[in-house]
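Visitor: Mind having a look at this structure? Questions to follow.
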Amino acid sequence: MKTLMLLRHAKSDWEDASLPDFDRPLAARGRRDAPRVGKALRKRGSLPGLIISSPAARAKATIDAVIKTAKLDGELQFNEAIYGASSAELMKVIRSLPDEISCSLLVGHNPGFEDLLERLTGSHDRMPTAALACIEFQIDRWEDVEDGNGRLAWLVTPKQAAGPND
Numbered sequence: 004m005k006t007l008m009l010l011r012h013a014k015s016d017w018e019d020a021s022l023p024d025f026d027r028p029l030a031a032r033g034r035r036d037a038p039r040v041g042k043a044l045r046k047r048g049s050l051p052g053l054i055i056s057s058p059a060a061r062a063k064a065t066i067d068a069v070i071k072t073a074k075l076d077g078e079l080q081f082n083e084a085i086y087g088a089s090s091a092e093l094m095k096v097i098r099s100l101p102d103e104i105s106c107s108l109l110v111g112h113n114p115g116f117e118d119l120l121e122r123l124t125g126s127h128d129r130m131p132t133a134a135l136a137c138i139e140f141q142i143d144r145w146e147d148v149e150d151g152n153g154r155l156a157w158l159v160t161p162k163q164a165a166g167p168n169d
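Quick note: the sequence shown uses our numbering, first residue 4, plus one each step.
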């Protein structure tokens, strides 16, 4: 079995219009939400052995906070192919994952992530900023990931992950 997690970057800051999209930092809400999702990931049990993130500033800041709060120790890589990727481009990344890794986490952007979630599972769930989806596949090799052969095990949003003291 293979498990793929999709983490959309947390809410970004749009205040500085002079910044290129790639360099936008997290907004205050994003800095609050990313650790919440990290805590939720830790509670769920399945932890990724490989994390591949978009190199955009907001994606980097999101995964840094998630790694810290979830205490993840999987290898972290940055892949420019994820920034602005369509679901078809994301499928190429997934199908090239090393088979010795049973659980992987991709960190990226919409609309590609919502499209990918629907493509893999048939789910029409939305992925707001900092949403984390877990998809399970009854396969042994990543190259066997196909449209519709994934099952959405769970999806958590920052609002759902917030505790009573948050």
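No residue lacks a Cβ here, since even glycine has one placed at the ideal position from N, Cα and C. Note that this is a predicted model, so its numbers are computed, not measured.
1) Smallest Cα separation from Trp-145: which of Pro-51, Arg-45, Glu-103 and Ala-156?
2) Would a C-beta distance cut-off of 8 Å place Ala-13 and Thr-72 closer than the cut-off?
3) Can you tell me whether Gly-125 is buried or exposed, with buried defined as 16 or more other CB within 10 angstroms of its CB?
4) Would Ala-30 and Ser-15 be called neighbours here (beta carbons separated by less than 8 Å)?
5) Taking all protein chains shown into account, do 16 or more other C-beta atoms lie within 10 angstroms of the C-beta of Gly-111, making it buried, or fewer, making it exposed?
6) Using DSSP's beta-bridge definition, name the partner residues of Gln-141.
7) Identify which residue in Tyr-86, Arg-34 and Lys-162 has its Cα closest to the Cα of Arg-115.
8) Would you check if the distance between the CB atom of Asn-82 and the CB atom of Val-96 is smaller than 8 Å?
9) Tell me the residue span of the alpha helix (DSSP H) that contains Lys-42.
10) Locate the alpha helix (DSSP H) running through Gly-153, then write down its first and last residues.
11) For a minimum of 4 consecutive residues, which ranges assigned as the alpha helix (DSSP H) are wholly contained in the segment 95-148?
12) In terms of residue numbering, what span does the beta strand (DSSP E) encompassing Lys-5 cover?
13) Starting from Ile-66, trace the alpha helix (DSSP H) both ways and give me its first and last residue.
Guide: For this structure:
1) Glu-103
2) no
3) exposed
4) yes
5) buried
6) Partner(s): none; Gln-141 has no beta bridge.
7) It should be pointed out that residue 115 corresponds to Gly in this sequence rather than to Arg. Gly-115 has its Cα closest to that of Tyr-86, out of Tyr-86, Arg-34 and Lys-162.
8) yes
9) 31-47
10) Note, Gly-153: premise wrong, no alpha helix (DSSP H); beta strand (DSSP E) at 153-159.
11) 115-124
12) 5-11
13) 60-73
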